[in-house]
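Structure first, then comments.
There are 2 protein chains.
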Amino acid sequence: MTRPLAKQTRRADAQHNVEKILDAAVNCLSRDPDASVSAIAQAAGVGRVTLYGHFPSRDVLVEAALTRVLTEGEELLAGLDLTGDPRDALRVLIRSSWLLIAQSSAVLEAAQASLPPGRVHELHAEPARRVDQLIRRGQDEGAFRADLPASWLTSVLHHLMKGAAADVATGQLDRAEAPRLISETVLAAYRVDG
Amino acid sequence: MTRPLAKQTRRADAQHNVEKILDAAVNCLSRDPDASVSAIAQAAGVGRVTLYGHFPSRDVLVEAALTRVLTEGEELLAGLDLTGDPRDALRVLIRSSWLLIAQSSAVLEAAQASLPPGRVHELHAEPARRVDQLIRRGQDEGAFRADLPASWLTSVLHHLMKGAAADVATGQLDRAEAPRLISETVLAAYRVDG
DNA sequence: GCTAAGTTGAACGGTAGTGTTCGGGTTACG
DNA sequence: CGTAACCCGAACACTACCGTTCAACTTAGC
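What follows is the structure, given as structure tokens:
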């Protein structure tokens, strides 16, 4: 630790730099989970030493970036109405969250690599519960199949969104079409009756 | 390049060491795509210098490991009868290939990180075509839905297998149950009629 | 406008990986 | 059995990253 960092009131420009650094960290880690501190600092338009003045280590920075992207997602998803037909709710959830999930999953991967095991799952627990509850409700109401465990259905949704994001990144898939394909596929996979 | 390496006839023990190194490379890279040359050499029970005697660089070694795992898979999958009902064929294909895919996908990721872009896709083209052809045949025969592009359906299968493997690795999913869950899910997702 | 808070580049030490060289030791194979 | 092929540990140079220190500079905020 090079600087105090424990002060309650910080100068305005310092606070602003912290924001710039976090933005840059999310951007860089989304593209490359192994992005170096130098690269992040440069992307933030800030010296490397300045960065270390605000974040004592790379691990702390990565965790901060992860919590930021998670809280951002939480804010965006908190306003959604998921109380109607589970199928419609799932469509809504996918349409307005798939890109977010895709982006955060890259940061999540970065965190997975450098944070103590379990820490990531701990931070990620609450956002994951929203999806899980929707799926369980759908199963209870007979809208989704119940012959497969809910945890698996959750996992399916997660992996399909990540996969679609990867396909978009490699140019195999058109970004605009992704939400429709994901919804169509997931809803078909969740449908009752074999 | 430290040694000739261009000789047609190699001593038996040298050839044997190459095999040991490739085995170790596949094992190590499956667990950690960033596995170091030292770790691979140690796992192979061989000196690091010996390894460099057979593979001039890490990249070459990774590519060799990838082609090995791909040809192994090719041998295993070549004997399968995929001519019947596309649904049954898909079940057979999943059951006997998902673990293989899961393992090779980690090596593939390692290759993706250190080989020139496009090279991986080039090597991976032939195995991917088998799946793609089965899916297209299923669409033509009306067994699989045709309202989504075949490339996407292929991608879905791929990502679900990778995801299931990841879940098994993290302990969220029982290895024995994976093939059934994948088959049930994919077949439901591929089913005709909305 | 003064001052403390903040920023900055240069530089250092430490770690880890890659690829290479060297010298001496083994061993396959004719 | 002899020799060439091969193996090996130690050590080297090189690169990249992390985290830190320092001394000088800029600037926010009273």
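So the protein sequences, as listed, match chains A and B.
Going letter by letter, the first sequence gives residues -10 to 183 in the numbering used here.
Going letter by letter, the second sequence gives residues -10 to 183 in the numbering used here.
Heads up, the beta-carbon is just placed ideally off N, CA and C, and yes, glycines get one too.
{"query": "Nearest neighbour of Ala153/B, chosen from Ala102/A, Leu146/A, Asp156/A, Leu65/A [CA to CA]", "result": "Leu146/A"}
{"query": "Closest by C-alpha distance to Ser140/B, when choosing among His5/B, Leu59/B, Tyr179/B", "result": "Tyr179/B"}
{"query": "Contact list for the region 143 to 160 of chain A against chain B, Cβ threshold 9 Å", "result": "Ser144, Val145, His147, His148, Leu149, Lys151, Gly152, Ala153, Ala155, Asp156, Thr159"}
{"query": "7 Å CB neighbourhood of Val35/B in its chain, flanking five on each side removed", "result": "Asn6, Lys9, Ile10"}
{"query": "For Leu142/A and Asp121/A, the rounded distance between their alpha carbons", "result": "9 Å"}
{"query": "Under 7 Å by beta carbon: chain A residues contacting Ala178/B", "result": "Thr174, Ala177, Ala178"}
{"query": "Val58/B: first and last residue of the uninterrupted alpha helix (DSSP H) it sits in", "result": "47 to 67"}
{"query": "Separation of Ala102/B from Arg20/B, as counted between CA atoms", "result": "15 Å"}
{"query": "Option nearest Ser144/A by Cα separation, candidates Glu111/B, Thr159/B, Leu18/B, Ala135/B", "result": "Thr159/B"}
{"query": "Contacts that Leu170/B makes with chain A (C-beta to C-beta distance below 7 Å)", "result": "Leu137, Trp141"}
{"query": "Near the ligand ADP: Trp141/B beta-carbon under 8 Å from a heavy atom", "result": "Ligands in the displayed structure: none, and consequently the ligand ADP is not present."}
{"query": "Best match in Ala95/B, His148/B, Ala117/B, Arg84/B for proximity to Glu166/B [C-alpha to C-alpha]", "result": "Arg84/B"}
{"query": "Below-9 Å beta-carbon distance, Leu162/A vs any chain B residue", "result": "yes"}
{"query": "The region 50 to 65 of chain B contacting the region 81 to 97 of chain B, beta-carbon criterion three pairs below 8 Å", "result": "yes"}
{"query": "Residue environment, Thr72/A, which counts as buried when at least 16 other CB atoms sit within 10 Å", "result": "exposed"}
{"query": "Euclidean distance between Cα positions of Ala30/B and Asp12/B", "result": "10 Å"}
{"query": "Check whether Ala155/A and Val96/A have beta carbons under 9 Å apart", "result": "no"}
{"query": "Distance, Arg(-1)/A Cα to Glu98/B Cα", "result": "43 Å"}
{"query": "Inter-residue spacing [alpha-carbon to alpha-carbon] between Cys17/A and Ser93/A", "result": "12 Å"}
{"query": "Residue-chain proximity (Arg134/A, chain B), Cβ-Cβ < 9 Å", "result": "yes"}
{"query": "Distance between Ile124/B and Val15/A (C-alpha atoms, nearest Å)", "result": "38 Å"}
{"query": "Buried or exposed (CB count within 10 angstroms, at least 16 for buried), Trp114/B", "result": "In the sequence as displayed, the identity of residue 114/B is Ala instead of Trp. That one is exposed."}
{"query": "Own chain residues within Cβ distance below 8 Å of Ala1/B, not counting five before or after", "result": "none"}
{"query": "Ser85/A - DSSP class collapsed to helix/strand/coil", "result": "coil"}
{"query": "Cβ-based burial, Ala177/B [other Cβ within 10 Å; buried from 16]", "result": "buried"}
{"query": "Gly127/B classed as buried or exposed, judged by whether at least 16 other C-beta atoms fall within 10 angstroms", "result": "buried"}
{"query": "Contained beta strand (DSSP E) runs [length at least 3] in the region 73 to 124 of chain A, N- to C-terminal order", "result": "none"}
{"query": "Distance, Asp182/A Cα to Ser46/B Cα", "result": "53 Å"}
{"query": "Reduced DSSP category for Thr174/B - H, G, I as helix; E, B as strand; rest coil", "result": "helix"}
{"query": "Boundaries of the alpha helix (DSSP H) in which Thr39/A is found, first to last residue", "result": "37 to 43"}
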